[in-house]
Amino acid sequence: MAVARAIYKRAPSAQELAAIGLRPEDYADDEAAVEVWPENLPAYDLWVEVGDQWRMGPGGPVAIDLMPVFHELDRMGLDKEAYDDLVLAIKTMARVALEEIHGD
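Residue numbers (numbering that gives the first Met the number 0): 0 to 103.
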């Protein structure tokens, strides 16, 4: 999901930009803007609540802790399909975030 990647994407350093003939002011901040489509808003809203609940290893985050995810979902009173859809969305966002964090 683009929003998960955008949250964790590191902006290039001045040195990295200089290596390709650019300056920091050439790097537009609006390129980092990502629109959240209405159908993805529930997943994004849930991520805002639980996106800091990482399981940590020696090299940094390794997985999202699903216990807080389940807790928040239980409080929402969703039907099974909506519940399962949001669990899948959070797992997908976590995978994409980890790829960005670890440079995979």
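The C-beta atom is built at its ideal place from N, Cα and C for all residues, glycine as well.
{"Item": "Exposure of G20, with buried meaning 16 or more beta-carbon neighbours within 10 Å", "Value": "exposed"}
{"Item": "Backbone secondary structure at W46 - three-state DSSP", "Value": "helix"}
{"Item": "Identity of the residues DSSP links to I63 by a beta bridge", "Value": "W53"}
{"Item": "M66 classed as buried or exposed, judged by whether at least 16 other C-beta atoms fall within 10 angstroms", "Value": "exposed"}
{"Item": "Cβ neighbour criterion (16 or more within 10 Å) applied to W36", "Value": "exposed"}
{"Item": "Pairwise C-alpha distance: E24 and F69", "Value": "42 angstroms"}
{"Item": "Rounded C-alpha distance that separates A42 from G59", "Value": "24 angstroms"}
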